[in-house]
Amino acid sequence: MTRNAADRPAAVPRHVAIIMDGNGRWANARHLPRVAGHNRGVDAVRRVMEACVRRGVEYLTLFAFSSENWRRPADEVSTLMRLFMTALQKEVSRLNENGVRLRVAGDLATLEPELQRRITQAQALTEGNARLKLTVCASYGGRWDMINAMRSLLAADPSLANRPQDIDEASLAQHLALAFAPEPDLLIRTGGERRISNFMLWQLAYAELYFTDQLWPDFDAVSLDAALAWYAQRERRFGRTSQQVGAPPVPAPVAPA
Ligand code: FPP
386 MTRNAADRPA AVPRHVAIIM DGNGRWANAR HLPRVAGHNR GVDAVRRVME
436 ACVRRGVEYL TLFAFSSENW RRPADEVSTL MRLFMTALQK EVSRLNENGV
486 RLRVAGDLAT LEPELQRRIT QAQALTEGNA RLKLTVCASY GGRWDMINAM
536 RSLLAADPSL ANRPQDIDEA SLAQHLALAF APEPDLLIRT GGERRISNFM
586 LWQLAYAELY FTDQLWPDFD AVSLDAALAW YAQRERRFGR TSQQVGAPPV
636 PAPVAPA
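Residue numbers (my numbering): 386 to 642.
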């Protein structure tokens, strides 16, 4: 990993979010257990993260486990949790050496206590890093995030319940799980489905949506480059007309770090 975010050309998205889909189908096609697909999915995460650093992407956010994934068979859920635990243990020092800041976003109280402890340690170890801000969304859902943000906003200022007109987009956005990041510029979903599946519902309002049939374990630096090239051709209007976009776009709100 050699490149800094400061080198990012204007057409490179500052924040890339990814729905990593297709691990199970990748394994099925090879008559392997689903866990083999998830294992190869971790390799893809490593490749894509390194490619994002080289391309100057500042924020990479990965949908690893949704609020709804708890409905999967219990053995797959516990396999995935073990995989997260192992990946954290094996990768965290390499992330740190490469200047990656790791955060995990989601309803962390629902995770096993040992996993929560390792997440806290990994976040503390990497908190001084700034080359790439990697966020893994675990036990995360966009609806959960919005409800949680509203509760947190009202807890911070209970008087808002009596003056709801004072609640605005900026005040709510500061309480979202990814309030530290700008909104994603580009969402990539692998695995052929064309939906958002309750991922970052608030923040994807103006994101460019890139769908590919490629399965997540096959996704690599070349695949990322194809998505970035597609993004570079998009005209981002933020609700304006084509004629207006010569003017500066409405900036996405960014909460203080
Ligand atoms: C979707 O594929 C993938 C998941 C639910 C798990 C994602 C996990 C990883 C990529 C590995 C770990 C990641 C990190 C950040 C350590 P699917 O099982 O829904 O595939 P299918 O649609 O083909 O069944």
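All C-beta atoms in this analysis are idealised placements derived from N, C-alpha and C, irrespective of residue type, glycine included.
Near the ligand FPP: residue i beta-carbon under 6 Å from a heavy atom
| i | result |
| --- | --- |
| R410 | yes |
| L493 | no |
| D428 | no |
| V521 | yes |
| D598 | no |
| A472 | yes |
| L487 | no |
| M585 | no |
| H416 | no |
| M405 | yes |
| H400 | no |
| A558 | no |
| L445 | no |
| A459 | no |
Residue from the options whose Cα sits closest to the Cα of residue i
| i | options | result |
| --- | --- | --- |
| R574 | D603, D598 and N547 | D598 |
| D570 | T511, L613, A555 and A436 | L613 |
| D530 | V433, P543, A509 and L589 | L589 |
| S582 | V630, Y525, E568 and I552 | Y525 |
| R579 | L586, P567 and L594 | L594 |
| R431 | T626, P602, Q629 and V420 | P602 |
| H423 | N408, R621, I504 and A402 | N408 |
| A555 | N547, A534, I404 and L572 | A534 |
| N413 | F584, T495 and L600 | L600 |
| M434 | L519, Q506 and E568 | L519 |
| M585 | P398, G624, A562 and V462 | A562 |
| R467 | P498, R456 and R528 | P498 |
| S452 | R425, L417, E482 and A494 | A494 |
| G577 | H416, V427 and F596 | F596 |
| A449 | T471, D406 and R419 | D406 |
| L568 | Y591, A396 and W455 | Note that residue 568 corresponds to Glu in the displayed sequence, not to Leu. Nearest option by C-alpha distance: Y591. |
| V425 | L500, L465, R457 and D460 | Before going further, note that residue 425 is Arg rather than Val in the sequence given. Checking every option, the nearest Cα to that of R425 belongs to L465. |
| R528 | R502, P549 and W587 | W587 |
| L557 | L487, A396 and S537 | S537 |
| D428 | A617, C522, D605 and R621 | D605 |
Residues bridged to residue i (per DSSP)
| i | result |
| --- | --- |
| S451 | Y525 |
| A402 | T446 and L572 |
| R419 | Paired residue(s): none; R419 is not in a bridge. |
| T520 | T446 and R488 |
| F596 | R574 |
Any non-hydrogen atom of the ligand MN within 6 Å of residue i CB
| i | result |
| --- | --- |
| A436 | Absence of the ligand MN is noted for the structure shown, with the ligand FPP being the only ligands found. |
Does the count of Cβ pairs from the stretch 432-446 and the stretch 598-614 closer than 8 Å reach three? yes
Is it true that the stretch 507-522 meets the stretch 470-488, where meeting means three or more beta-carbon pairs spaced less than 8 Å apart? yes
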